[in-house]
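Position 25 of the sequence shown, counting from 1, maps to 25 under full-length UniProt numbering, and the rest follow consecutively. Ideal Cβ positions, reconstructed from N, Cα and C, are used throughout, including at glycine. A quick note: this is a predicted structure, and the numbers were derived from the prediction, not measured. For reference, the structure discussed in these notes is given below.
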Amino acid sequence: MKNILRPLVTAYASLPVLLPAAGLPWPALLPACLLAFLAIGELWIRAVTGRSAEVGPPAVRAGLVVLAGLLTLPAVALLLHPFGAPVAPVPLIAASALLATVLAVAGLLRLRLRRRDGDAGLDDGAGVPAQRRNDEIREQTGSRTRYAARTAVAVLAPIVLGVAVGGIAIRAVESGSRPVLPGYLTVALNGWAAGITHPVAVPSHGLTVQVRVTNSGLPTSTQWLRLRIGGTVVASRQVTVASGRVYALNVLVPALPADGCLRPVGISVGTASTVFYAKAAAKDFESAPARSVRSSTSRGRDAC
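So, in structure tokens, the structure goes:
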């Protein structure tokens, strides 16, 4: 029983270390991960073969334990997908702990059944010593054959299970319905205007601003291109936007009042828009009449 409880306790102690909440660095996570899955691999061998892992050459024994342990992680990940659980650290650790518990219970049940069969064999120990020796030899030969078969099952079971579940999951993903991605229309500043990071000075002759219009997945349509300054539409025209096309448009921003105030300049195509802030150029502001700078205000409020 200790040979089964020992790897179970090792798995229980190593798996919580892998939780993201622990916040441990990878030099500590790597040994804990290997130790946990090696313990689960030993539980696989003990649960499926029904014999202790000390039977057989050490190299073969270690290879079977390592193989069964390392195959556990992809097998658990593939089993999580059909149940709708995300393949994330917490579900993987919880499923591995549950698998270790199931394997330990299976190993204890097999050990109990084997001991009961052994006690029954001792009660029926009739016959001369030569007959008993022959019976023991035949039983050992049969035990080796059964052990080899069970070992093969222990190695092949995770592989077959992983391939089967993986194949089913891949076919389900490939044949399943995929939602249609929604289309979108975007408007963004383009060219020199793409680097605007501060309010722009608009000269007296106006300023040409480049915009990029992208239509992805929407049907071809005719939309209104509008220029708004301070929330007021000052210019508009219709543009045709074809599906799957990108357009570069030039928009002329007219001269702004020389009052030194910042104004939002919005450019929109349909419901998509972009905005930046602008004001009159400094020389235009300085050359403007004083009354335009100090416009009539009431009760000390700023002109802007």
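Inset, instruction - Grab the span of the alpha helix (DSSP H) containing Arg6 for me, first residue to last. - result: 2-14
Legend entry - Neighbour-count burial assignment, Ser96, 16 or more Cβ in a 10 Å radius: buried
Inset, instruction - Check whether the Cβ atoms of Thr271 and Val246 lie closer than 8 angstroms to each other. - result: no
Inset, instruction - In the DSSP assignment, find the alpha helix (DSSP H) that holds Arg46 and state where it starts and stops. - result: 26-49
Inset, instruction - Verify the CB distance criterion: does Leu256 have a CB-CB separation below 8 angstroms to chain C? - result: You won't find chain C in this structure, because it holds only one protein chain.
Legend entry - Span separating the alpha-carbon of Trp192 from that of Gln210: 7 angstroms
Legend entry - Straight-line gap, Leu73 to Arg114 (C-alpha atoms, nearest Å): 30 angstroms
Inset, instruction - Would you mind working out which of Asp259, Val253, Pro257 sits nearest Val265, comparing C-alpha positions? - result: Val253
Legend entry - Residues of its chain near Leu15, where Cβ-Cβ distance is below 7 angstroms and the 5 sequence neighbours each way are ignored: Ala36, Ile93, Ser96, Ala97
Legend entry - Residue from Ile196, Ala172, Gly176, Ala281 with nearest C-alpha to His205: Ala281
Legend entry - Of the listed residues Val187, His198, Ala85, nearest to Ser273 (C-alpha basis): Val187
Inset, instruction - Just the C-alpha distance for Ala201 and Gly260, rounded to the nearest angstrom, thanks. - result: 10 angstroms
Inset, instruction - Would you list, in sequence order, the uninterrupted beta strand (DSSP E) runs of no fewer than 3 residues that lie entirely inside the region 160-216? - result: 184-189, 200-202, 207-216
Inset, instruction - Out of Ala278, Ala242, Ser243, point me to the one whose CA is closest to Leu256's CA. - result: Ala278
Legend entry - Residue range of the beta strand (DSSP E) that includes Leu218: Unbroken run through Leu218: none, as it is neither H nor E.
Legend entry - Nearest-angstrom Cα separation, counted from Ser268 out to Ala235: 11 angstroms
Inset, instruction - Would you kindly work out how many angstroms separate the C-alpha atoms of Asn250 and Pro82, rounded to a whole number? - result: 53 angstroms
Legend entry - Three-pair Cβ contact test at 8 angstroms for the region 61-71 versus the region 155-172: yes
Legend entry - Buried or exposed by the 16-neighbour rule on C-beta atoms within 10 Å, applied to Glu42: buried
Legend entry - Range of the contiguous beta strand (DSSP E) that encloses Ala235: 232-241
Legend entry - Start-to-end residues for the beta strand (DSSP E) that takes in Thr274: 272-280
Legend entry - Of the listed residues Ala28, Ala248, Leu103, Arg237, nearest to Ala39 (C-alpha basis): Leu103
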